[in-house]
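Colleague: Taken in sequence, the protein lines are chains U and A.
Each residue of the first sequence is one higher than the one before, starting from 1 at the first, in full-length UniProt numbering.
Each residue of the second sequence is one higher than the one before, starting from 1 at the first, in full-length UniProt numbering.
Quick reminder that beta carbons are idealized off the backbone N, C-alpha and C, glycines included.
Number of protein chains: 2
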Amino acid sequence: MKKIINDPNLVVRDMLDGFVAAYPREVRLLPGTTVIARVDAPAANKVGLVSGGGSGHEPAHAGYVGEGMLDAAVAGEVFTSPTPDQVLEGIKAVDAGEGVLLVIKNYTGDVMNFDMAAELAEAEGIRVEQVIVNDDVAVEDSSFTTGRRGIAGTVFVHKLAGAKAEAGGTLAEVKAVAEKTVKNVRSIGMAITPCTVPAARTPSFTLEENEIEIGIGIHGEPGIERKAIVSSDDIAAELTEKVLDDLKLETGSEVAVMVNGLGGTPEMELYIVNKKVNEILTSKGIRIYDTFVGEYMTSLEMAGVSVTLLKLDDELKELLDAKSKAPAFRC
Amino acid sequence: MKKIINDPNLVVRDMLDGFVAAYPREVRLLPGTTVIARVDAPAANKVGLVSGGGSGHEPAHAGYVGEGMLDAAVAGEVFTSPTPDQVLEGIKAVDAGEGVLLVIKNYTGDVMNFDMAAELAEAEGIRVEQVIVNDDVAVEDSSFTTGRRGIAGTVFVHKLAGAKAEAGGTLAEVKAVAEKTVKNVRSIGMAITPCTVPAARTPSFTLEENEIEIGIGIHGEPGIERKAIVSSDDIAAELTEKVLDDLKLETGSEVAVMVNGLGGTPEMELYIVNKKVNEILTSKGIRIYDTFVGEYMTSLEMAGVSVTLLKLDDELKELLDAKSKAPAFRC
């Protein structure tokens with residue numbers, strides 16, 4: 001294992017310190033916690049939006065904290081759910097009396113711990129609602145999940161629900177936007193190399209020199225198929241078709257596209273994938289409203305890519321375009 | 001070699017197509033060229049700003065094309081200078097009669113080809129000025145360079161000169177801002193793994209399992225020293241001290257910091273590096289005005305990091321804060 005780190009057991013603490021050091025105008029670290037919150041939290045007269053999960057997916061989730069997106073992100077250890085007491089700290093820090101929505105990626109640990117935190121917060125008189133993101137069409141049930149996993153599509157939930165909250169939406173309205181986004185978003189990923197959790201010191205899986213895995217999870221959970229590497233066009237086509245099989249878009253539908261690098265993929269390759277995704281959608285008469293190419297939901301240094309499609313309507317387009325000052329999603 | 005590409009000899013063409021497909025509101029590909037230009041080029045009553053160089057450094061340089069930054073970026077083959085005729089196409093596309101400034105990273109091929117293009121453009125009646133960026137303090141002279149190399153600090157030159165041009169600066173004024181930025185910016189990088197140029201199919205250098213290289217160039221050119229890996233704090237301290245030795249900042253100086261990933265480094269590790277960079281600067285009484293952590297000037301999938309410091313004054317701060325719609329530098 002060769003990594004640019006200090007103590008493998010302190011990577012999350014070091015990372016959070018380095019993150020808030022970079023963006024002091026936007027975020028702060030709540031003392032004694034692993035919660036990154038907006039610098040002005042609780043933002044007055046506004047529903048609070050809290051997400052989080054295991055670390056190792058940077059810039060998720062702390063990179064999405066800021067005006068127009070999340071109010072707080074709770075970091076667990078690498079690929080490990082944050083504990084309920086940490087999530088509770090996040091909820092308490094952002095509640096301004098308007099209630100708090102939790103955006104949870106569908107992993108059993110996250111669902112359990114965020115739910116426990118919600119109960120604890122409600123016992124303290126805070127209104128809490130939850131939305132679970134399960135955009136990964138690759139597999140039903142997985143190593144750490146019942147049902148579908150939540151992956152890069154979660155970033156769109158942060159953006160759209162965040163914009164609704166910033167615009168003064170009620171807790172029910174912000175939750176409705178988050179639920180509509182979950183209903184309209186689908187993703188799938190693939191990897192060409194694995195990643196190594198620092199404290200584990202060895203790769204979480206192995207692939208042969210010429211092998212790829214379609215449908216892999218962001219923690220290296222098994223996908224659909226392992227096979228010899230094919231061209232970028234074939235990879236892009238397979239991922240896009242699998243998403244379209246599930247999302248069932250009509251001709252004339254409008255979508256946002258996300259081509260997300262898993263951490264170790266050169267940005268050049270992400271654009272090469274986007275070329276084909278764009279061609280396929282255009283050939284089917286699907287209109288591309290906006291495209292996001294880059295690293296949004298990573299898996300440490302895993303090399304690979306995921307493709308996300310979000311079906312848009314007028315409400316979602318307006319929320320997508322709304323201003324965001326989150327460090328990893330400025331617009 | 002395992003990459004998400006189609007034909008190794010067509011990666012630049014595929015990448016440029018995928019790039020403009022992602023950002024049609026901001027950029028267009030000039031037909032029959034490797035030039036990415038602002039969608040509204042030539043922007044009226046404005047000095048044109050052109051940069052570029054070999055590909056493989058994405059999001060540089062095309063990602064910095066857009067309102068508030070570059071007017072055009074000219075792409076060469078991977079790690080290869082663009083030809084003079086392509087640079088000339090870029091110059092002609094952005095000249096609105098106010099003249100054009102070329103921002104050139106200091107590599108012999110780039111300097112020669114951009115200079116030839118400038119001569120050709122001047123023969124067609126276009127005023128052209130040039131600024132050469134040489135921010136890399138690692139070594140004097142290198143495989144492809146006389147003098148110091150130009151690396152991630154170039155992005156600050158794009159940003160500040162771009163803001164000056166957008167604000168209506170004359171060619172002389174925009175050049176003066178670019179020159180001041182070059183004078184005030186220093187960088188140095190290090191790598192823990194090499195990268196593979198697609199058409200070459202084998203890594204451009206090798207490092208032992210536990211080895212790192214300090215001062216490496218963004219094409220894998222030799223650095224200062226190879227040694228066994230040390231902690232992130234020690235790496236960050238060595239890079240920061242080498243920059244400070246050269247930049248000679250007084251207590252109370254204000255700087256912008258860039259912690260740049262070379263392509264394969266997890267974003268988590270970049271934040272861990274930033275933690276120490278921030279601590280060192282703060283301990284010396286240097287004020288950090290803004291920080292940029294992410295992938296700005298990469299080397300394909302090379303894992304490693306560079307640290308850039310830019311000394312600021314009131315003029316440069318205002319230009320740094322000015323609006324940019326470039327896809328890879330939105331603010």
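In the DSSP assignment, what are the bridge partners of Met258(A)?
Modeller: Translated into positions along the second sequence, residue 258(A) becomes position 258. DSSP lists Phe292(A), Thr308(A) as partners of Met258(A).
Colleague: I'd like to know if the region 321–329 of chain U and the region 57–65 of chain U are in contact, where contact means that at least 3 CB-CB pairs between them fall below 8 Å.
Modeller: Short answer: they touch.
Colleague: Drop a sphere of 10 angstroms on the beta-carbon of Thr202(U), count the other beta-carbons inside from all chains shown, and report buried for 16 or more, exposed for fewer.
Modeller: Within the first sequence, the letter at position 202 stands for residue 202(U). Exposed is the call here.
Colleague: From Glu318(A) to Leu249(A), what distance separates their C-alpha atoms?
Modeller: Reading the second sequence from its first residue, position 318 is the one you call residue 318(A). Reading the second sequence from its first residue, position 249 is the one you call residue 249(A). Whole-angstrom Cα-Cα distance: 20 Å.
Colleague: Is it buried or exposed, Ser143(A), if we count other Cβ atoms within 10 angstroms and call 16 or more buried?
Modeller: Here residue 143(A) refers to the residue found at position 143 when the second sequence is read from its first residue. Per the 10 Å Cβ criterion, exposed.
Colleague: Select from Asp95(A), Ala199(A), Asn184(A), Pro222(A) the residue whose C-alpha is nearest the C-alpha of Leu160(A).
Modeller: Position 160 of the second sequence holds residue 160(A). Among Asp95(A), Ala199(A), Asn184(A), Pro222(A), the Cα nearest to that of Leu160(A) is on Asn184(A).
Colleague: For Leu49(U) and Ala165(U), which I take to be in contact (beta-carbon distance under 8 Å), what is that distance rounded to the nearest angstrom?
Modeller: Locating residue 49(U) in the first sequence gives position 49, counting from the first residue. Locating residue 165(U) in the first sequence gives position 165, counting from the first residue. Right, their Cβ atoms sit about 5 Å apart.
Colleague: Would you say Leu316(A) faces chain U, with C-beta separation under 7 Å as the test?
Modeller: Position 316 of the second sequence holds residue 316(A). So, not an interface residue.
Colleague: Determine the chain A residues that contact Ala200(U) at a beta-carbon separation under 7 Å, and present them in chain order.
Modeller: In the first sequence, counting from the first residue as 1, residue 200(U) sits at position 200. The premise fails here: Ala200(U) is roughly 14 Å from chain A at the closest Cβ pair, so nothing lies under 7 Å.
Colleague: Would you list, in chain order, the members of the region 264–283 of chain U that have their beta-carbon closer than 9 Å to a beta-carbon of chain A?
Modeller: So the close ones are Gly264, Thr265, Pro266, Glu267, Met268, Glu269, Leu270, Tyr271, Ile272, Val273, Asn274, Lys275, Lys276, Val277, Asn278, Glu279, Thr282.
Colleague: Alpha helix (DSSP H) containing Arg13(U): first to last residue?
Modeller: Here residue 13(U) refers to the residue found at position 13 when the first sequence is read from its first residue. Segment 11–22, the alpha helix (DSSP H) holding Arg13(U).
Colleague: Take Gly56(U) and list the residues in its own chain whose beta-carbon comes closer than 6 Å to its own, dropping the five residues that flank it on each side.
Modeller: The residue you call residue 56(U) lines up with position 56 of the first sequence. The answer, listed in chain order, is Val78, Phe79, Leu300.
Colleague: Roughly how many whole angstroms lie between the Cα atoms of Pro314(A) and Thr34(U)?
Modeller: Looking up residue 314(A) in the second sequence gives position 314. Looking up residue 34(U) in the first sequence gives position 34. Per the sequence shown, the amino acid found at residue 314(A) is Asp instead of Pro. Roughly 36 Å separates the two Cα atoms.
Colleague: Near Val111(U), what residues of its chain come up, given a Cβ to Cβ distance below 8 Å and the 5 sequence neighbours on each side ignored?
Modeller: Taking the first residue of the first sequence as position 1, residue 111(U) is located at position 111. So the qualifying residues of the chain are Ile104, Ile132.
Colleague: Considering just the uninterrupted stretch of the beta strand (DSSP E) at Lys325(A), what are its terminal residues?
Modeller: Here residue 325(A) is taken as the residue at index 325 of the second sequence, counted from 1. Run containing Lys325(A): none; DSSP gives neither H nor E here.
Colleague: Can you have a look at Lys275(U) and say buried or exposed, based on whether 16 or more other CB atoms are within 10 angstroms of its CB?
Modeller: Your numbering for residue 275(U) matches position 275 in the first sequence. When all chains shown are included, Lys275(U) counts as buried.
Colleague: Do the CB positions of Ala191(A) and Gly304(A) come within less than 7 Å of each other?
Modeller: Translated into positions along the second sequence, residue 191(A) becomes position 191. Translated into positions along the second sequence, residue 304(A) becomes position 304. Taking 7 Å as the Cβ cut-off, Ala191(A) and Gly304(A) qualify as a contacting pair.
Colleague: With respect to the beta strand (DSSP E) encompassing Thr146(A), which residues constitute its N-terminal and C-terminal limits?
Modeller: Along the second sequence, read from residue 1 onward, the residue named residue 146(A) stands at position 146. Looking at the DSSP string, Thr146(A) is not in any beta strand (DSSP E), and its letter there is neither H nor E.
Colleague: Compare the C-alpha of His158(U) against each of Glu221(U), Ala73(U), Ala199(U), Asn6(U) and name the closest.
Modeller: As a position in the first sequence, residue 158(U) is number 158, starting the count at 1. Among Glu221(U), Ala73(U), Ala199(U), Asn6(U), the Cα nearest to that of His158(U) belongs to Ala73(U).
Colleague: For Gly189(A) and Ser306(A), which I take to be in contact (beta-carbon distance under 8 Å), what is that distance rounded to the nearest angstrom?
Modeller: Counted from its first residue, the second sequence places residue 189(A) at position 189. Counted from its first residue, the second sequence places residue 306(A) at position 306. With a Cβ gap of about 3 Å, Gly189(A) and Ser306(A) count as contacting.
Colleague: Determine the chain U residues that contact Ser232(A) at a beta-carbon separation under 7 Å, and present them in chain order.
Modeller: Here the question's residue 232(A) lines up with position 232 in the second sequence. Those are Ile4, Ile5, Asn6, listed as they occur along chain U.
Colleague: Scan the region 22–55 of chain U for residues whose Cβ lies nearer than 9 Å to a Cβ of chain A and list them as they occur along the chain.
Modeller: Within the region 22–55 of chain U, the qualifying residues are Ala22, Tyr23, Pro24, Arg25, Ser55.
Colleague: What whole-angstrom Cβ distance do Leu310(A) and Gly153(A) have, given they're in contact under 8 Å?
Modeller: Your numbering for residue 310(A) matches position 310 in the second sequence. Your numbering for residue 153(A) matches position 153 in the second sequence. Leu310(A) to Gly153(A), Cβ: 7 Å. Contact.
Colleague: Report, in whole angstroms, the separation of the C-beta atoms of Val155(A) and Ala60(A), which I expect to be a contact under 8 Å.
Modeller: To locate residue 155(A), count along the second sequence from 1; it is residue 155. To locate residue 60(A), count along the second sequence from 1; it is residue 60. Between Ala60(A) and Val155(A) the Cβ distance is about 7 Å, and since that is below 8 Å, they are a contact.
Colleague: So who's on the other strand from Ile212(A), going by DSSP bridges?
Modeller: One-based indexing of the second sequence puts residue 212(A) at position 212. DSSP output for Ile212(A) lists Lys227(A) as bridge partner(s).
Colleague: Among Ala200(U), Gln86(U), Asn6(U), which has the Cα closest to the Cα of Ile36(U)?
Modeller: For this step, residue 36(U) is matched to residue 36 along the first sequence. The shortest Cα separation from Ile36(U) among Ala200(U), Gln86(U), Asn6(U) belongs to Gln86(U).
Colleague: Report the three-state DSSP secondary structure of Ser283(A) (helix, strand or coil).
Modeller: Locating residue 283(A) in the second sequence gives position 283, where the first residue counts as 1. Reduced to three states, the DSSP call for Ser283(A) is helix.
Colleague: Under the DSSP definition of a beta bridge, which residues are partnered with Gly52(A)?
Modeller: Within the second sequence, the letter at position 52 stands for residue 52(A). BP columns for Gly52(A) point to Val74(A).
Colleague: Going by CA-CA distance only, name the one from Gly261(U), Ala22(U), Asp290(U) that's closest to Val255(U).
Modeller: If you number the first sequence from 1, residue 255(U) lands on position 255. Comparing Cα positions, the closest option is Asp290(U).
Colleague: Assign Glu26(U) to one of two classes, buried (16 or more other C-beta atoms within 10 Å of its C-beta) or exposed (fewer than that).
Modeller: Counted from its first residue, the first sequence places residue 26(U) at position 26. Label assigned to Glu26(U): buried.
Colleague: Any C-beta of chain A within less than 9 Å: which residues of the region 206–230 of chain U qualify?
Modeller: Flagged, chain order: Leu207, Glu209, Asn210, Glu211, Ile212, Ile229.
Colleague: Indicate whether Val259(U) and Val230(U) have their beta-carbon atoms separated by less than 7 Å.
Modeller: Sequence index remark: in the first sequence, residue 259(U) carries index 259 (1-based). Sequence index remark: in the first sequence, residue 230(U) carries index 230 (1-based). No, the Cβ-Cβ distance between Val259(U) and Val230(U) is not below 7 Å.
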